[in-house]
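Enquirer:
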């Protein structure tokens, strides 16, 4: 494979996005105050312990153990869900997610563009329509459909008006 | 020291027998699900295509002989995200089937699955160009002068904007878990804040909001949801009815649909980031959207455990409209539990049906 200018560009873009990513994560980690994870986990851990103690107390060999186990799973998942929910509703999380998306788009955007242009070039050489051309054609069909529909509606309105007039004329004649 | 309550040997044997049978059934159904998965038959209620506009289609359900009310119902669901067959999941678990059994003349607007050619479609066009046509078609097909609009999820702001711009034909308005006050829309309010979320960059890059990104957004809202779903499946795997419901719901829950790019841009900017609808700053088709122009009877249904549209976010409609006949119901369950599942059939649909029946003059 040759090291063409596009490959070099992609490689440097990838390197740049990795560096930026590392920088953002380092900044985020260093941001005071760091969340105290034990604050979230401790109540959940205590709850799990209580539940297991209850299960063992009721008799570990009983088939009801399964019911207790299911409850334990549900409670654990609910507790995890709350922990994650609390973490995710913070502005720090939203900012991190936003940064991640920005980097992702910075990487994906140019790659998509360069792929699209090389694909289009290839399809043009092969005398085949590109995705863009097909999309444009479909847009034109949609717009034509819209025009036809508005014409159809006007005709329907006209027919309604004519039948109304007809009815009025008939009533007038019979009066 | 803990006291051990050992079960009586007879009870233990019986219990073990029951559990063993259940586990065998779990195993056999599990194998069937993995190796011989059946394609669930969804959306089986008879329907007729009334009108089609680009990808959007208007369907009328049921037979003329079963209709007892003169006021038709137009259900407006979300555009993008998911397919509308959730409202007609399968016989015995279908919101639409239930409404037909109550004697309503029921219409559903299926926005359709938009492609790249529709990326220019905006929220504004959906409200000012598609909805008015669909409303006219409903009135014409039913030979009625007024209708009940039932908005679900994003269908509520879409249809509320239409109702505020054209209040005359709207006899009743129902909001089921539809966001109105976007400052109270839970995690999405925080995540889509303009300080963190660059909507222009996203739409400019992809042209649309791809279905995979919609999926990621919703999965992130409740990361433990898939685990809970599969824990519950394992627990109920012996129960044929449960598995039938699971398969149908699971099909729907994994079929995400994209948003047209310009629609998503306007949706995020003007609703989530600027909260224009409740603030009264929204302008569509050159006219301000004033929710206080809605003065027909209004019902708002919120779900207590809804993390997509928290109840207070939906409830805001009650204070925004000018109606004297308005009611707010907060029912147990989550966003989907209002529209599908055993809880919906038991707790939600009868209440919505009874409210509409009182306000839909008999034919």
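Protein chains in written order, with the working numbering: chain A, -6 to 168; chain B, 34 to 396. Cβ atoms here follow ideal geometry from the backbone N, Cα and C, with glycine treated the same way.
1. Using a cut-off of 7 angstroms between C-beta atoms, extract the partners of residue 418 of chain B located in chain A.
2. For residue 163 of chain B, which residues from the same chain have a beta carbon less than 7 angstroms from its beta carbon, with the 5 sequence-adjacent residues on both sides left out?
3. What residues from chain B crowd round residue 73 of chain A, counting only those whose CB sits closer than 7 angstroms?
4. Residues in the same chain with beta-carbon distance under 7 angstroms from residue 303 of chain B, minus the five sequence neighbours each way, listed in chain order, please.
5. Which residue marks the beginning of the beta strand (DSSP E) containing residue 281 of chain B, and which one marks its end?
6. Three-state secondary structure (DSSP) at residue 357 of chain B?
7. Does any residue of chain A have a CB that is nearer than 8 angstroms to the CB of residue 260 of chain B?
8. For a contact defined as C-beta to C-beta under 7 angstroms, what are the partners of residue 300 of chain B on chain A?
9. Helix, strand or coil: how does DSSP classify residue 54 of chain A here?
10. Which word fits residue 139 of chain A, buried or exposed, when buried means at least 16 other C-beta atoms lie within 10 angstroms of its C-beta?
11. I want to know whether the region 345 to 361 of chain B touches the region 323 to 337 of chain B - three or more CB-CB distances under 8 angstroms.
12. Going along the chain, which residues of the region 228 to 245 of chain B sit with their C-beta nearer than 7 angstroms to a C-beta in chain A?
13. Hey, quick one: how far does the beta strand (DSSP E) through residue 185 of chain B stretch, first residue to last?
14. Leaving out five residues before and five after residue 376 of chain B in sequence, what residues of the same chain have Cβ atoms less than 6 angstroms from its Cβ?
15. For a quick check, are the C-beta atoms of residue 209 of chain B and residue 297 of chain B less than 8 angstroms apart?
16. With a 10 Å radius around its C-beta and 16 neighbouring C-beta atoms as the bar for buried, classify residue 291 of chain B as buried or exposed.
17. Looking only at C-alpha atoms, which of B:132, B:147, B:149 and B:148 sits nearest to residue 141 of chain B?
18. Measure the alpha-carbon distance for residue 259 of chain B versus residue 248 of chain B and round it to whole angstroms.
19. Taking the Cβ atom as the reference point for each residue, do residue 179 of chain B and residue 386 of chain B lie within a distance shorter than 8 angstroms?
20. Residue 63 of chain A touches chain B at which residues, Cβ-Cβ below 8 angstroms?
21. Taking 8 angstroms as the cut-off, decide whether the C-beta atoms of residue 130 of chain B and residue 78 of chain B are in contact.
22. Using DSSP bridges, identify the partner residues of residue 242 of chain B.
23. Would you identify the three-state DSSP class for residue 143 of chain B, choosing helix, strand or coil?
24. Would you mind sorting residue 168 of chain B into buried or exposed? The rule is 16 or more other CB atoms within 10 Å of its CB.
Expert: A quick look at the data gives this:
1. In the structure as shown, chain B starts at 34 and stops at 396, and residue 418 of chain B therefore has no counterpart that could be examined.
2. Cβ neighbours of residue 163 of chain B beyond the five flanking positions: 86 and 89.
3. 257
4. 309 and 315
5. First-last for residue 281 of chain B: 273 to 286, but that is the alpha helix (DSSP H), not the beta strand (DSSP E).
6. coil
7. yes
8. Close to residue 300 of chain B, with beta-carbon spacing below 7 angstroms, lies no residue of chain A; the smallest spacing is near 17 angstroms.
9. Here residue 54 of chain A scores only 49 on pLDDT, less than 50, and its place in the model should not be relied on; the value that follows carries that caveat. Residue 54 of chain A: coil per DSSP, three-state reduction.
10. exposed
11. yes
12. Under the 7 angstroms Cβ criterion, the region 228 to 245 of chain B contributes 229, 230, 231, 234, 235 and 238.
13. 180 to 185
14. 366 and 370
15. The answer is no: Cβ separation not under 8 angstroms.
16. buried
17. B:132
18. 12 angstroms
19. no
20. 264 and 268
21. Yes, these two residues count as a Cβ contact at 8 angstroms.
22. B:292
23. strand
24. buried
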